[in-house]
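Numbering (my numbering), first residue to last: 403 to 961. Built from N, CA and C at the ideal position, the CB exists for glycine as well.
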Amino acid sequence: MPFPLGGNQMSWTTNLWILPVSLLVAAVAALIAALVPYVWASRRPKSFPPGPKPLPIIGNLNLIPPSKAFTLFHEWTKQYGPIIGLKFGPANVVVLNHWKDVQELLEKRGHIYSSRPANYIANELICKNETHILFAPYGDGWKVLRRAAQGLFTPASLASVLPIQEAEATQTLYDILREPARYYEHIQRYTTAVILASVFGQRGEDFNSPNVQALYDVQNRFTALLEPGAAPPVDGITFLQHIPESLAPWKRRAKEIRRDQRALYFRLLNGTKERMQRGVRTGCFMEKLLDDQAKNGLDEEHTTYLGGILMEAGSDTTSSTLLSFLLALLQNPLALRRAQEDVDRVCGVERSPTMNDLDDLPYIEACMHEILRWRPVAAGGIPHMLTQTDTYKGYIFPAGTIFFANTWAIHHDEDEYDEPAAFNPDRWLGGNKFGTKENISTVLPNEGKQQQQLLQQRKTSYGWGAGRRICSGQKMAEASLKINIAKMVWAFDFAIEGADADARGGRRPDVSVETGYQGGFLVCPKKFPVRIRPRSDKHAAVVRREWEGLRGFYESLAA
Ligand code: HEM
Ligand SMILES: *[C@@H]1O[C@H](CO)[C@@H](O)[C@H](O)[C@H]1NC(C)=O
Ligand SMILES: *[C@@H]1O[C@H](CO)[C@@H](O)[C@H](O)[C@H]1NC(C)=O
Ligand SMILES: *[C@@H]1O[C@H](CO)[C@@H](O)[C@H](O)[C@H]1NC(C)=O
403 MPFPLGGNQM
413 SWTTNLWILP
423 VSLLVAAVAA
433 LIAALVPYVW
443 ASRRPKSFPP
453 GPKPLPIIGN
463 LNLIPPSKAF
473 TLFHEWTKQY
483 GPIIGLKFGP
493 ANVVVLNHWK
503 DVQELLEKRG
513 HIYSSRPANY
523 IANELICKNE
533 THILFAPYGD
543 GWKVLRRAAQ
553 GLFTPASLAS
563 VLPIQEAEAT
573 QTLYDILREP
583 ARYYEHIQRY
593 TTAVILASVF
603 GQRGEDFNSP
613 NVQALYDVQN
623 RFTALLEPGA
633 APPVDGITFL
643 QHIPESLAPW
653 KRRAKEIRRD
663 QRALYFRLLN
673 GTKERMQRGV
683 RTGCFMEKLL
693 DDQAKNGLDE
703 EHTTYLGGIL
713 MEAGSDTTSS
723 TLLSFLLALL
733 QNPLALRRAQ
743 EDVDRVCGVE
753 RSPTMNDLDD
763 LPYIEACMHE
773 ILRWRPVAAG
783 GIPHMLTQTD
793 TYKGYIFPAG
803 TIFFANTWAI
813 HHDEDEYDEP
823 AAFNPDRWLG
833 GNKFGTKENI
843 STVLPNEGKQ
853 QQQLLQQRKT
863 SYGWGAGRRI
873 CSGQKMAEAS
883 LKINIAKMVW
893 AFDFAIEGAD
903 ADARGGRRPD
913 VSVETGYQGG
923 FLVCPKKFPV
933 RIRPRSDKHA
943 AVVRREWEGL
953 RGFYESLAA
């Protein structure tokens, strides 16, 4: 007999059970009551763009993969068209897959399309008080940061960074010559070192230098925590924010990231200050920011973070793009040969390309446009949030709608590009400014006025975003991309490991964005096997000589 239900026992057990059962009932009722608004909010608003049917509470989140959702959205355009309406839980999300809509909304209506979605972990736990320019909502706090940041990107400032970019690219050749197996780290070092030098006046000598390591470490942990699934959906279901820290490992992780991030950024700024106190100046950006702190309206925390965030924003974006370029060369060896012809024509074998050569290197420029098209590093776009209700093409977008400009779809559109999956820099040659199937550089005479205007405003690449939040560092990044592409193809042959002299055989690297690329938020290739050899002894000697010639250049920079 499992339950001896005697009289006394009965009342005893009943008493014992009533409390927990009623507590449970109350808890379930409370949970249901708490969830009702979320069920309601997960429905599609009226006149919303087409998209898959949402489930209660989670909306379409069941369909969204944890990474590379941009390829799925691209697929969906066949079914739903270029403007897709989705529900991420209670949030209204619109994915724009055609450049014209990005141009019309994010760019032209920028005054209302330039905020960022709420991000509790980034904005409330890690970078409190609107210190992170990328995550800050549209408003006065962001404007102060953006205005101050522009100081690094004036024509004069950009020009003063060029020698640093060139010198670091020269070092990168030397590093790769010495240790080709570490090509991946050497390229990662390059981008961080440029920012360390130009922003903080400090040296990032090796990938294993403490500051370079600390940056990638903190950055990787930060982005990992922001990935879907790493933490509960605290921005959609906001009461989850109140989970006590003892039950929320993600809150502890956020705290540790904040601690390590602040330690790094303050340590860097202290280094710059200390050197300034000794009366030594390198002309770096932080010196200007510290001089103008009062004028800019930035306190210590915001000054420090601005420098740190520039390093975050400029490091793995640029390095991932360069790594994608090397991978692309393995897919298309002809492109390598043509790029080499380009630099050989201008530089011969006596010296490697410099910044002064870039205007004379059309194929190198085409390589840059093509890599930004083929593997845009922020392929899914950085979300913009609409701040007031808007209508467009018969749709209604409620205030708070989150917009993604899907760079992947924009630049893999078969109507626009010939064989979009192929890496082919040639598509940009012959004055074809947009690399499109048809040469549409000129405005077609039979188009209406509005359409003509739109065509004139078209961007070469949407990989930098659009509108008021567009990448501040585009010009600086382009210089880094071009000088490294030019120098690397000048100095080395890149080939599939184990291939014969005719580039046949060997282990083909995986160029697929699905399987050959890392899972994280940025589109970055996994480490891939590649055989890197100097093109001749002469080339190798030049690389060594040019590296020797840099002695002294770095002396002013603190180690
Ligand atoms: C290949 C390299 C790079 C790519 C593809 C890239 C791409 C982007 C994209 C897509 C955005 C978001 C734009 C939007 O919301 O519409 C962005 C924002 C930003 N980028 Fe870059 N970026 C690169 C390099 C850099 C560099 C080198 C710096 C600075 C040193 C930089 C600084 C910034 C800043 C400060 C923002 C925040 C803008 C804001 O929210 O107001 N980026 N970048
Ligand atoms: C937040 O930033 C503002 C603007 O720089 C500053 O005045 C304020 O003291 C900061 N608040 C906290 C709590 O640090
Ligand atoms: C930076 O310097 C300040 C004042 O000189 C000091 O209080 C702080 O601990 C230093 N921070 C780091 C990370 O070295
Ligand atoms: C493409 O159009 C541009 C601008 O009109 C022109 O300069 C260029 O020669 C054209 N290229 C080709 C290949 O037709």
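What three-state label does DSSP hand residue i in the structure shown?
i    : result
G487 : strand
F955 : coil
P557 : helix
F896 : strand
L700 : coil
I887 : helix
N494 : strand
Y864 : coil
G875 : coil
S754 : coil
L384 : With the chain represented from 403 up to 961, any question about residue 384 goes unanswered, as that position is not in the structure.
G461 : strand
S969 : Only positions 403 to 961 of the chain appear in the structure, and residue 969 is not among them; the question remains open.
P404 : Bear in mind that the predicted position of P404 carries a pLDDT of just 38, short of 50, making it unreliable; the figure below should be weighed with that in mind. Residue state, collapsed to three classes: coil.
S517 : strand
E948 : helix
K448 : coil
With residue i and residue j assumed to form a contact (beta carbons below 8 Å), what rounded beta-carbon distance in angstroms separates them?
i    : j    : result
S882 : V596 : 6 Å
I523 : L628 : 6 Å
P911 : V925 : Wrong, their Cβ atoms sit about 16 Å apart, outside the cutoff.
G869 : S449 : Going by Cβ atoms, the distance from G869 to S449 rounds to 23 Å, so no, they are not a contact pair.
A768 : W830 : 4 Å
Y576 : W866 : Not quite, the Cβ-Cβ distance comes to about 30 Å (not below 8 Å), so this is no contact.
G837 : Y864 : The pair is not a contact, with the Cβ atoms about 12 Å apart (cut-off 8 Å).
T723 : I773 : 6 Å
F687 : G553 : 7 Å
G796 : E689 : G796 to E689, Cβ: 53 Å. No contact.
L763 : V748 : 6 Å
Excluding the 5 residues flanking residue i on each side, which residues of the same chain have their C-beta closer than 6 Å to its C-beta?
i    : result
R740 : Y765
E714 : Q621
F555 : S874
F624 : I659
Q411 : Unreliable positioning characterises Q411 in this predicted model, as indicated by a pLDDT of 42, which lies under 50. A coordinate reading is not provided.
Q742 : V891
P634 : L642
L507 : Y515
V423 : none
S671 : Residue 671 is actually Leu in this sequence, not Ser. Same-chain partners within the cutoff: T706.
A781 : F472, T809, W810 and V925
Return the chain-ordered list of same chain residues with a C-beta closer than 7 Å to the C-beta of residue i, the five sequence neighbours on each side being excluded.
i    : result
L463 : F490 and G491
K877 : F555 and L560
P800 : P447, N494 and T791
S413 : Only weak support is given to the placement of S413: the predicted model assigns it a pLDDT of 48, under 50, and the value that follows is read from those uncertain coordinates. Nothing meets the Cβ criterion.
P565 : none
K884 : L760, I766, E767 and M770
S436 : Contrary to the premise, residue 436 reads as Ala rather than Ser in this sequence. The answer, listed in chain order, is F641.
H941 : V751 and A893
A665 : none
Q567 : V596, A881, S882 and I885
Please return the same chain residues whose Cβ sits closer than 8 Å to the Cβ of residue i, not counting the five positions on each side in sequence.
i    : result
G849 : The sequence given here has Glu at residue 849, not Gly. Closer than 8 Å at Cβ, skipping near neighbours: L857.
L691 : A550, G553, N698, L700, T705, L708 and G709
A626 : A632 and G922
With a threshold of 8 Å, establish whether the CB of residue i neighbours any heavy atom of ligand 5.
i    : result
P911 : Absent from the structure shown: ligand 5. Ligands present: ligand 1, ligand 2, ligand 3 and ligand 4.
Only counting runs of 4 or more residues, tell me where the alpha helix (DSSP H) segments fall wholly within the segment 666-691, in order along the chain. List check, alpha helix (DSSP H) in window: nothing returned.
Residues with a Cβ closer than 6 Å to any heavy atom of ligand 2, in chain order? The chain-ordered list of residues whose CB is nearer than 6 Å to some heavy atom of ligand 2 reads N531, D701 and H704.
I'd like the ranges of any beta strand (DSSP E) spanning at least 3 consecutive residues and lying wholly in the segment 766-835. For the segment 766-835, whole beta strand (DSSP E) runs of length 3 or above, ordered along the chain, are 792-794, 797-799 and 804-807.
Going along the chain, which unbroken runs of the alpha helix (DSSP H) with 4 or more residues stay wholly within the segment 531-592? Here the runs fully enclosed are 542-552 and 557-580.
Taking only runs of the beta strand (DSSP E) that begin and end inside the segment 919-944, which ones reach a length of at least 3 residues, in chain order? Note on the segment 919-944: whole beta strand (DSSP E) runs with a minimum of 3 residues are 933-936, in chain order.
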